[in-house]
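Going by UniProt numbering, the sequence shown opens with residue 1, and the numbers climb by one from there. A virtual CB, placed ideally from N, CA and C, is assigned to each residue, including glycine.
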Amino acid sequence: MKWIRIIFFILILQSFLFAQFNGQRAFQYLVKQVAFGPRNPNSQGHQACLKFLEQELKQQADTVLLQSFDWYDAHHKKTLRLTNVIARFQPEKKRRIFLAAHWDTRPRADHDKPENQDKPIPGANDGASGVAILLEIANVLQKQPPTNVGIDLVLFDGEDYGRQGHLEEYFLGSRYFAKQYQKLKFKHEFGILIDMVGDANLNIKREGYSVKNLPWLVDRVWKTAQNMGYYEFSDQFLGYVDDDHVPLLEAGIPCIDIIDFEYPYWHTLEDTPDKCSPQSLSVVGQVLLEVLYEQ
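See the structure below:
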């Protein structure tokens with residue numbers, strides 16, 4: 001009996017050690033993305049970043065799928081080439097969970113001063129932060145995949161493209177993913193979207209659509225965070241935020257949103273890496289790993 005306890009303790013310890021999130025490495029992923037320049041659709045930075053994401057994830061995941069499609073911008077009279085990136089871990093497992101983020105950046109800094117409003121944003125927090133966390137999680141999953149569940153990481157394109165007041169021009173990648181979902185051979189028990197999670201002054205409140213549709217999952221994630229001592233996950237109510245999870249929920253795909261929407265540099269040229277921190281990335285990343293490994 002004594003040896004059984006010791007072996008059990010060692011197995012738990014190994015799982016804990018393998019599941020450690022490296023916030024510094026995640027931050028370097030954030031910096032790397034910003035170094036490509038703005039990643040708004042059809043830009044050089046967008047093309048370079050897509051190549052990087054594909055190459056990086058192919059080193060970690062069992063399978064990487066590129067979900068490419070065209071979207072016509074009737075207002076500007078041009079066609080965008082957009083690509084969702086899906087990295088699959090243990091694709092043979094029937095039980096599946098997905099984590100998601102958007103990898104594109106906004107083509108206009110419309111919350112900046114007037115002379116900057118036609119310039120594309122750097123998108124350190126709004127674009128790079130969620131992807132950075134998922135890339136680091138990919139490192140962990142490659143070394144020690146969860147025992148009971150397969151994981152898919154989904155990077156949406158075209159989330160932040162639209163003009164203000166034209167929601168139909170936003171969430172292009174998640175809308176396409178939702179339309180194609182029934183054609184996929186794999187389904188998910190639930191998903192977690194992360195967006196704007198690198199803010200050095202992190203404060204994540206409970207988002208309205210998430211609470212309305214999946215209160216049990218919001219409770220699980222927030223209680224997990226608070227049990228770990230991460231009170232950056234606040235029990236305050238954020239309100240309803242239109243984000244990539246909304247088209248998914250409308251299509252019957254269960255997904256909640258982890259987002260810190262109180263960010264003063266949102267949609268400005270000041271959304272740069274110095275406004276973000278490795279610690280914030282680590283808080284969110286470690287909570288996500290805990291949720292995955294407790295399945």
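query: For Trp103 and Val131, which I take to be in contact (beta-carbon distance under 8 Å), what is that distance rounded to the nearest angstrom?; result: 5 Å
query: Ignore the nearest five residues each way along the sequence and tell me which others in Arg96's own chain have a CB closer than 8 Å to its CB.; result: Val149, Gly150, Ile151, Asp152, Phe186, Lys187, His188 and Glu189
query: What's the call for Met196, buried or exposed, on a 16-neighbour Cβ count within 10 Å?; result: buried
query: Among Arg108, Val284 and Gly239, whose alpha-carbon lies nearest the alpha-carbon of Ala200?; result: Val284
query: Looking only at its chain, what residues have a beta carbon closer than 8 Å to the beta carbon of Leu17, apart from the 5 residues adjacent to it on each side?; result: Here the model assigns Leu17 a pLDDT of 47, short of 50, so the residue's position is not dependable, and the following value carries that caveat. None.
query: With a 10 Å radius around its C-beta and 16 neighbouring C-beta atoms as the bar for buried, classify Asp244 as buried or exposed.; result: buried
query: Assuming Leu66 and Glu54 are in contact, meaning their beta carbons sit under 8 Å apart, how far apart are those beta carbons, in whole angstroms?; result: 7 Å
query: On the DSSP bridge list, what partners appear for Lys78?; result: Asp73
query: Relative to the C-alpha of Arg88, which residue among Gln47, Asn22, Gln286 and Ile137 is closest?; result: Ile137
query: Using a Cβ cut-off of 8 Å (strictly closer), state whether Gln24 contacts chain C.; result: Structure shown: chain C not included; a single protein chain is present.
query: For Gly252, does the count of other Cβ atoms within 10 angstroms reach 16, so buried, or fall short, so exposed?; result: exposed
query: For a test of the three-state rule: what should DSSP assign to Lys187, helix, strand or coil?; result: coil
query: Identify the continuous alpha helix (DSSP H) that holds Ile133 and give its terminal residues.; result: Ser129 to Lys143
query: By DSSP, does Ser234 sit in helix, in strand, or in coil?; result: strand
query: Could you pull out every residue in the same chain whose Cβ sits closer than 6 Å to the Cβ of Pro120, ignoring the five residues on either side in sequence?; result: Pro38, Asn40 and Pro107
query: With distances taken from CA atoms, which of Leu135, Trp71, His111 and Glu207 is nearest Leu281?; result: Leu135
query: Just curious, the beta strand (DSSP E) that His102 is in, first and last residue?; result: Arg96 to His102
query: Could you give the residue range of the alpha helix (DSSP H) that holds Phe52?; result: Gln44 to Lys58
query: Look at Val241 and Gly208 and say whether their C-beta atoms are less than 8 Å apart.; result: yes
query: Between which two residues does the alpha helix (DSSP H) holding Glu92 run?; result: Here Glu92 belongs to no alpha helix (DSSP H), and DSSP marks it neither H nor E.
query: I need the straight-line Cα distance from Glu262 to Gly127, nearest angstrom please.; result: 15 Å
query: With a cut-off of 8 Å on the beta carbons, I'd call Leu269 and Asn116 a contact; round off their distance for me.; result: 5 Å
query: Let me know the alpha helix (DSSP H) ranges lying completely inside the stretch 141–210, each 4 residues or longer, listed in chain order.; result: 172–180
query: Among the candidates Phe21, Gly123 and Asn42, whose CA atom is the shortest distance from the CA of Thr83?; result: Asn42
query: So, helix, strand or coil for Thr224, using DSSP?; result: helix
query: Report yes if the CB atom of Asp62 is closer than 8 Å to the CB atom of Pro91, and no otherwise.; result: yes
query: Buried or exposed: Tyr231, going by 16 or more other Cβ atoms within 10 Å of its Cβ?; result: exposed
query: Are the Cβ atoms of residue 299 and Val85 separated by less than 8 Å?; result: Since the first and last residues shown for the chain are 1 and 295, residue 299 lies out of range.
query: Applying the criterion that 16 or more other CB atoms from any shown protein chain within 10 Å of the CB defines a buried residue, is Gln164 buried or exposed?; result: exposed
query: If I follow the unbroken beta strand (DSSP E) through Ile253, where does it start and stop?; result: Element bounds for Ile253: n/a, residue is neither H nor E.
query: Leaving out five residues on either side along the sequence, give the residues of the same chain with a beta carbon under 6 Å from the beta carbon of Gln142.; result: Gln60
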